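Data block below; observations after.
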Amino acid sequence: MSVPELKAWRAARPHVERIARAVRPGLVRAVEAVRPWLVRSLGAVRPRIARLTTVQFTAGAALLGLALAATVVTAAGPWDSSGQRTAERDWAASREGVGGADHGPESGPGSGTSEKAPRPAPSAPSVLAGLGRTTGSVSSPTEKALADVLGPLLDDPSLGSERTAAVVDVATGKRLYGRAADEALTPASTTKIATAVAALSAAGADHRIATRTVLDPGTKKLVLVGGGDPTLTAREEAKGNASLRTLADETTRALKARKLDAVTLSYDTTLYDGPALHPIGPDNPNIAPVTALMTDEGRLDDSSSGTADRSTDPAADAARQFAALLNDRGIKTKSPGPSKATGRAEPLAKVESPPLSALVERMLTNSDNDIAEALARQTALASGEQASFEGGSTAIRTQLKKLGLPVEGAQFADGSGLDRADRLTADLLTALLAKAGAPDHPELRPALTGLPVAGFTGTLRNRYTDQSGTGVVRAKTGTLTGVHTLAGTVVDSEGRLLAFAFLTSSNRPTDPAATQKTLDGAASALASCGCGG
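Take the sequence shown: its letters are residues 0 to 532, numbered as in numbering that gives the first Met the number 0.
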């Protein structure tokens with residue numbers, strides 16, 4: 000199977016990269032300005048996105064920044080397809096084409112908007128054809144050519160004492176380049192790619208995590224039952240997440256229908272087993288205690304990503320919040336305590352998380368440790384394992400092995416990569432990415448579409464300054480003291496979709512900025528590489 004030669008893309012690419020670097024400062028401001036609109040538009044855009052091919056997903060999303068800078072009102076996310084339309088516009092405009100691509104329902108001539116509003120982009124053929132098509136021919140990069148390009152970069156002293164690497168052709172799954180690719184090193188947060196693939200395989204992309212209330216029959220005992228949704232929110236604006244306020248509304252209606260205005264409230268976290276505290280230790284701003292019941296990831300501020308002070312008992316805090324919401328709605332409660340819902344309990348109400356596909360994307364884009372550990376436990380539950388750190392690790396390995404992935408030498412200690420006991424190989428990371436792009440595994444696609452876009456989104460937003468990979472490289476970062484990793488995808492200058500993984504480790508910690516810049520340079524070199532035979 001081969002990917003067609005994309006002459007139009009090769010011609011447009013230098014202009015696209017130049018535009019990417021030029022628009023980046025304005026884009027960041029534009030994204031912040033339109034973020035609330037984008038969140039509301041997400042649900043409307045998703046059905047159209049579902050019809051796109053893997054390569055269109057990957058390359059289109061890589062140019063997300065350009066699309067937003069040009070239109071500001073284009074519906075978007077880390078996986079959005081509008082970037083492809085931007086590349087198409089660049090190609091078509093150079094040929095004086097007319098007609099086509101939309102900027103939203105109210106844009107363009109005759110729409111009633113200002114004359115300064117963006118005009119519709121000219122139509123153009125697809126820039127990138129889907130996997131599995133055989134028209135045209137583009138040869139894969141050769142091992143020697145890749146070694147010539149990557150070798151000097153991977154020899155850079157800034158990477159420390161150990162480094163491994165692999166590059167794979169996503170269309171064929173063939174490894175094109177390897178450097179100690181089967182040697183397992185600490186992967187840090189690139190572990191989340193393995194967690195994503197395992198969770199999607201075990202539970203399914205459409206799986207949603209429910210938070211419920213139940214009532215013991217013949218009693219006034221109300222139980223708030225946690226299902227493991229870390230994104231359950233108690234905030235006024237749910238922003239697409241399951242809302243504790245909505246659950247309180249529906250529970251209140253159910254109680255009042257039963258002539259109840261006073262209950263004994265308790266909360267059930269027994270879905271999860273084992274210790275709640277991550278081995279990284281207590282009071283760590285990177286993760287809250289892992290429990291089946293929490294709101295807003297146990298954050299004690301109004302943040303939704305990144306580090307933050309966390310609750311030491313998120314379940315109890317969520318129950319107290321729920322009690323206050325019920326009281327506001329006319330249902331009196333006593334101070335809640337832990338308990339277990341009985342098998343006879345009558346369901347009252349429930350709210351559900353966004354689908355697993357969306358949770359995976361959010362986890363990868365923001366390197367969200369709380370979601371990662373929740374997904375590891377959802378994988379365990381779907382695999383018949385205990386929902387614990389140990390059970391999640393076992394389930395992840397089991398699922399990856401079922402997919403035929405090279406797990407030899409790999410060790411899984413958690414779902415987030417915060418545990419230094421994790422060990423992954425560059426071979427496994429690239430195989431995970433290639434499997435997520437395989438035509439026969441569409442359920443795994445969010446493991447690609449959630450990857451941050453270099454220079455624009457998530458943990459790559461502030462990286463790739465003045466590098467050719469800006470807007471083109473998509474990758475998951477990994478950082479611990481003395482450990483720096485990068486794994487993702489890139490379309491090279493000949494239109495070939497490549498998966499790559501670079502892992503570095505050093506007993507004497509390196510300068511993080513220098514190490515990351517070298518890794519970014521290696522991925523950028525792949526983006527600029529015309530390494531075909």
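For glycine and all other residues, C-beta sits at the position ideal for the given N, C-alpha and C.
Computed from a prediction, not measured in an experiment: that's the story for all the values here.
Closest in C-alpha terms to E296, from the list R234, A170, L175, comes R234. Rounded to the nearest whole angstrom, the CA to CA distance from T378 to D282 is 26 Å. Rounded to the nearest angstrom, the gap between the Cα atoms of A474 and A256 is 51 Å.
Contact annotation: the segment 337 to 355 does not touch the segment 146 to 165, with fewer than three C-beta pairs closer than 8 Å.
If you look at F321, you'll find it isn't in any beta strand (DSSP E); it sits in the alpha helix (DSSP H) that goes 313 to 327. Note: P140 is bridge-paired with G531 in the DSSP secondary-structure output. Out of T476, E384, N506, the CA that lies nearest to the CA of N365 is found in T476.
C-alpha of T311 to C-alpha of R376: approximately 20 Å in a straight line. For a cut-off of 8 Å, the C-beta gap from A409 to R419 is around 14 Å, too long to register as a contact.
When the alpha-carbon of R207 is set against those of G227, G217, K219, D215, the nearest one is in G227. Under the 10 Å beta carbon count, G177 is surrounded by 16 or more other beta carbons and is classified as buried. Taking a C-beta distance under 7 Å as the contact criterion, K333 and T263 qualify as a contact pair. Here the alpha carbons of P438 and C530 stand approximately 25 Å from one another. Per DSSP, the beta bridge partners of Q410 are R422.
Between the C-alpha atoms of A412 and A198 there is a straight-line separation of about 15 Å. From the listed residues F501, T232, L525, L432, the smallest Cα separation to D316 is found for T232.
For A204, the closest of H440, A146, V169 by C-alpha to C-alpha distance is H440. The beta carbon of A322 is closer than 6 Å to those of L264, T332, P335 in its chain, skipping five residues each way along the sequence. The C-beta of N506 has fewer than 16 other C-beta atoms within 10 Å across all chains shown, which makes the residue exposed. In the DSSP secondary-structure assignment, H440 is not bridged to any residue. Residue burial annotation: P346 is exposed, with fewer than 16 other C-beta atoms found within 10 angstroms of its C-beta. Of all alpha-carbon atoms in T141, K173, K516, V148, the one lying nearest the alpha-carbon of T429 is that of K173.
The beta strand (DSSP E) runs lying completely inside the segment 474 to 500 and spanning 3 residues or more are 482 to 490, given in chain order.
In the three-state reduction of the DSSP assignment, T503 falls in the strand class, which pools E and B. The Cβ atoms of L496 and V196 lie no closer than 7 Å to each other. The segment 348 to 357 and the segment 272 to 279 do not touch, with fewer than three beta-carbon pairs separated by less than 8 Å.
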